[in-house]
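Novice: The structure follows.
There are 2 protein chains.
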Amino acid sequence: MISVDEARERILQVLHPLPAEIVALADAWQRVAAAPVIARLTQPPADVSAMDGYALRAADGAEGSVLRVIGAAPAGHPFAGAVGAGEAVRLFTGSVVPQGADGILLQEDATRDGDRVRINETVAAGRHIRRAGQDFAAGDAVVPAGRRLTARDVGLAAAANHPWLSVHRRPRVAILATGDEIALPGEPIPPGGIVSSNSHALAALVRAVGGEPMVLPVARDDALMIAAVADSVAGMDMLVTTGGASVGDHDLVIESLKSRGMTLDFWQIAMRPGKPLLFGDLAGTPVLGLPGNPVSAMVCSILFLLPALSRLAGLPAAPPPVSAAILGAAVKANDKRADHLRATISVDGAGRVVATPFPVQDSAMLRRLALADALILRAPHAPSLEAGAEVGVIRLDSLGI
Amino acid sequence: MISVDEARERILQVLHPLPAEIVALADAWQRVAAAPVIARLTQPPADVSAMDGYALRAADGAEGSVLRVIGAAPAGHPFAGAVGAGEAVRLFTGSVVPQGADGILLQEDATRDGDRVRINETVAAGRHIRRAGQDFAAGDAVVPAGRRLTARDVGLAAAANHPWLSVHRRPRVAILATGDEIALPGEPIPPGGIVSSNSHALAALVRAVGGEPMVLPVARDDALMIAAVADSVAGMDMLVTTGGASVGDHDLVIESLKSRGMTLDFWQIAMRPGKPLLFGDLAGTPVLGLPGNPVSAMVCSILFLLPALSRLAGLPAAPPPVSAAILGAAVKANDKRADHLRATISVDGAGRVVATPFPVQDSAMLRRLALADALILRAPHAPSLEAGAEVGVIRLDSLGI
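As they're listed, the protein sequences go chains A and B.
Terminal number for the first sequence in our numbering: 413, no gaps in between.
Terminal number for the second sequence in our numbering: 413, no gaps in between.
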């Protein structure tokens, strides 16, 4: 058996970020920047007022002085002239500070009377003026490459004058469920069969990390159908299969794809739920074979498929983030397999995050998995722990899956 | 001035969840369930084996016994007959336990020889059998209404045999930036003008909460253009405007829309960045008027627009979640306005979440906002705090914006 970390490392070492494509700014949210976003202008482009009021020479700004208002500079309409001694120009938040002026009289500190304005509070030079480039300067990298673009990044890229952005292509992921016992929802269920949940759960998970899923028809024990799978994954960035990865007698699909040239490693991974994992290559398309059990498939997806897709997407391909929590119930000593206990999260009176494992951890309980807020990590041979002990958890809510 | 909480309450009290529509399961990820998802079948549908092995009568299961193998039951192919005394049936994980059998001999505890199998470890009745309905029973509500569907929920709804799901319609949100000084990215920038960042940042934010943005052309001081806005928002679930909400002289857009029947409250909110907020109604479409400053617009969106869209989307319309953090730097005493300090998040040696505010909090610094991981909440009149004190923060990373 190999460890979770070793399996993940073996998968990641053969994967590379996908090439770039250009998307409209309006479509860039959640995409991964393939190049730094370089500011094409300076923001603010000139010294501007931070407040509504009057621009003047600070030397004229003593309380009690009265100045002559020679014009106005609404935002977007800079004042063309210069401010001389004894003069003021009406302006607003964002207005360019006119030539000659170096102080801002706030509107609430001014008394206007015709073309005259009285200063009720002495003006300090430079105060309430935002300097050119205070936010960013032309040439600055305002968003780094490899970042998944937030709504704020989209706004920043817009402000930096980018109508188009270069982003990594979305990973295209073919998803293949295998098994004679499987029906799609709403279709006739064979005797003793179950409704396939893996394909659409995995498709949603692929979407959650920014990929494009392609759900293949369920593969049965039919050579023609299996040949069709091999043909249909050409050009895909990954093939994910579920089922057919046990030591049982019923992995015709895998054997058939092997006969079509698929290379495949079979790994026993020291983990629960999960254990068997396939990884290989079908004519250039990486193949990840997950267990058929839905809970195992989802946990293995979190541990292996998410980092793999992150690598393809141009993101840091790290293990899922682990945060600290307090155990809400005692847990037994662990055996040699890393365990991933489905747990709910709450916050105790002291504001601490508490993770409470479900009392039964059967890998057939999909409903429990859906209700879980987190997976509690239990290392191989971890000792028993009492309630209140600290553990590491993978938060499922923050992963958006 | 009114408080942030009061303003949010006033907005929410006039908004209601949007009606339901039907979507394919494959399109249901991240949608909000408009009705509980009721299981249409029982899972497992019958008692099934949790392991590969042999079904037998536990009474025959003493170590050293030899049984006759009378058939096999691969998953999806239940054994038609019954298991009698001295008999066993080969089965696999997920296979239906045949009639008559009440024990499972694990494959690794069995020695097979032709149609005989020897028991190497005594079998306990009921062990390794998953009971019918262990995961869920027909009629169970496996996903509650009002839940944003995760990848796991999609899998669970599939397993419960739902090809279609009833979800709340997405909120359709018209977005209107106003101002003569505004250019769209890549377009000619007027003298003293800036590139509009609000429209596309807000569009991304609307997408982040599951809405459908419609970005309107920038509104200038043009009566025809403004009339077009009033017509184009018919049928939208909300109109969000930015700019034109100051006490200055330049809110022609707002005045013009009022002449088209828009009712509008103007609120001074005791907060920073932000302060002025408009809320009203344009022929049945709720109108939320945000500040024109991009940082203020985004912070106000987090505090007011997100809960408003959550209410429309059928989600709990709660304030953004606040979590605890340790201050990474001292902060000054606050004035009468609730403040929202842009901050980075780190984790210290003791595993505590540390929020460190940027030293300059100018609301014109969009780049700082994009770099921020969180907003530190500072209540009106909050006292000065030293580094190490506990504060509440809104995590921007977990909001996905």
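Note that beta-carbon positions come from the ideal geometry of N, C-alpha and C, so glycine has one too.
#1: Spatial neighbours of Gly-98/A within its chain, please: CB distance less than 8 Å, with the 5 preceding and 5 following residues excluded, ordered by chain position.
#2: Given Val-135/A, which residues of its chain have a CB within under 6 Å of its CB, disregarding the five upstream and five downstream residues?
#3: My output table needs one value for Glu-33/B: the three-state DSSP class, helix, strand or coil.
#4: DSSP three-state label for Phe-148/A, please.
#5: How would you write the range of the alpha helix (DSSP H) that Arg-323/B sits in, first residue to last?
#6: Please say whether Pro-225/A and Leu-324/A have beta carbons closer to each other than 8 Å?
#7: Since Pro-202/A and Gly-88/B should fall inside the 8 Å C-beta cutoff, what is the C-beta to C-beta distance between them, to a whole number of angstroms?
#8: Is the Cβ of Leu-217/A closer than 8 Å to any Cβ of chain B?
#9: Whose C-beta lies closer than 6 Å to the C-beta of Gly-404/B among residues of the same chain, with five residues either side of it excluded?
#10: Hey, is Glu-118/A's beta-carbon within less than 8 Å of any beta-carbon in chain B?
#11: Decide if Pro-56/B is buried, meaning its Cβ has at least 16 other Cβ atoms within 10 Å, or exposed.
#12: Does the Cβ of Ile-34/A have 16 or more other Cβ atoms within 10 Å, making it buried, or fewer, making it exposed?
#13: Note down, in chain order, all residues in the segment 190-212 of chain B with a beta-carbon under 9 Å from any beta-carbon belonging to chain A.
#14: Interface residues of chain A around Leu-381/B at Cβ under 9 Å?
#15: Report the partner residues of Gly-115/A according to the DSSP bridge assignment.
#16: Among Met-250/A, Arg-20/A, Arg-130/A, Val-155/A, which residue has its Cα nearest to the Cα of Val-185/A?
#17: Closer than 9 Å, Cβ to any Cβ of chain A: which residues of the segment 376-400 of chain B, in chain order?
#18: Unbroken alpha helix (DSSP H) runs of length 4 or more, entirely within the segment 180-250 of chain A: which are they?
#19: So is Asn-132/B in contact with chain A if we call contact Cβ pairs under 8 Å?
#20: According to DSSP, is Leu-289/A helix, strand or coil?
#21: Using a C-beta to C-beta distance shorter than 8 Å, which residues of chain A count as neighbours of Arg-181/B?
#22: Please classify Thr-275/A as buried or exposed, where buried requires at least 16 neighbouring CB atoms within 10 angstroms.
#23: In whole angstroms, what separates the C-alpha of Glu-398/B from that of Met-283/B?
#24: How is Val-95/B classed by DSSP in three states: helix, strand or coil?
#25: Would you check if the segment 370-380 of chain B and the segment 346-355 of chain A touch, i.e. whether three or more CB-CB distances between them fall below 8 Å?
#26: Based on Cα-Cα distance, which residue from Arg-232/B, Ala-170/B, Val-179/B, Arg-102/B lies nearest to Ala-189/B?
#27: By the criterion of Cβ-Cβ separation under 9 Å, what are the contact partners of Asn-346/B in chain A?
#28: State the DSSP-derived secondary structure class of Asp-125/A, mapped to helix, strand or coil.
#29: Could you tell me whether the Cβ of His-140/B comes closer than 8 Å to any Cβ of chain A?
#30: Taking Cβ to Cβ, would you say Gly-167/A is nearer than 8 Å to His-212/B?
#31: Name the DSSP bridge partner or partners of Gly-301/A?
#32: Can you tell me the Cα-Cα spacing of Asn-173/A and Ala-157/A, whole angstroms?
#33: If contact means a Cβ-Cβ distance below 8 Å, which residues of the segment 359-374 of chain A contact chain B?
#34: Quick one: what does DSSP say Ser-15/B is sitting in, helix, strand or coil?
#35: Please identify, using Cβ separations under 8 Å, the residues of the segment 20-37 of chain A that lie next to chain B, in order along the chain.
#36: At a Cβ threshold of 8 Å, is Ala-320/A touching chain B?
Specialist: The answer reads as follows:
#1: Asp-72, Leu-79, Arg-80
#2: Ala-70, Gly-73, Gly-115, Leu-117
#3: strand
#4: strand
#5: 318-325
#6: no
#7: 6 Å
#8: yes
#9: Val-334, Leu-389
#10: In the sequence under discussion, the amino acid at residue 118/A is Leu, which differs from the Glu named in the question. By this cut-off, Leu-118/A is not an interface position.
#11: buried
#12: exposed
#13: Gly-191, Asp-192, Glu-193, Ile-194, Ala-195, Leu-196, Pro-197, Gly-198, Glu-199, Ile-201, Pro-202, Pro-203, Gly-204, Gly-205, Ile-206, Val-207, Ser-208, Ser-209, Asn-210, Ser-211, His-212
#14: Arg-164, Gly-167, Leu-168
#15: Leu-68/A
#16: Met-250/A
#17: Ala-376, Met-377, Leu-378, Arg-379, Arg-380, Leu-381, Ala-382, Leu-383, Ala-384
#18: 210-220, 235-244
#19: no
#20: strand
#21: Residues of chain A passing the Cβ test: none, with the nearest at roughly 20 Å.
#22: exposed
#23: 22 Å
#24: coil
#25: no
#26: Arg-232/B
#27: Within chain A, no residue comes near Asn-346/B; the closest Cβ sits about 19 Å away, beyond 9 Å.
#28: strand
#29: no
#30: yes
#31: Thr-253/A, Leu-290/A
#32: 17 Å
#33: Gly-363, Asp-374
#34: coil
#35: Leu-37
#36: no
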